[in-house]
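Residue numbers (my numbering): 188 to 285.
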């Protein structure tokens, strides 16, 4: 489950929960870009550590699925560059530490 709204693997849904990780929208978008760079090279990495071609082919159905690939290719941090960071409200238990 990515957010309370959706269970679908979506970068836009992941961005909606950035505040839960104490990240500004821009910080979260930059983290997503780093993750995209790693995921885009997954096949090279898997081959370098000895994963079989059969396993890579099977995993490609999940990691390189057309909808997920399209999300990675179209993601941009630009829309998040001017967004402000929302302050999280401390939980009731957090008041005990102040």
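Quick reminder that beta carbons are idealized off the backbone N, C-alpha and C, glycines included.
Roughly how many angstroms lie between the CA atoms of residue 247 and residue 225, to the nearest whole one? 15 Å
Whose C-beta lies closer than 7 Å to the C-beta of residue 213 among residues of the same chain, with five residues either side of it excluded? 264, 267, 268 and 270
Could you give the uninterrupted runs of the alpha helix (DSSP H) lying entirely in the stretch 224–268, keeping only those of 4 residues or more? 229–235, 240–250 and 253–261
Tell me the rounded alpha-carbon separation between residue 137 and residue 236. Missing from the structure shown is residue 137; the chain here goes from 188 to 285 and no further.
Please classify residue 216: is it buried, with 16 or more other beta-carbons within 10 angstroms of its beta-carbon, or exposed? buried
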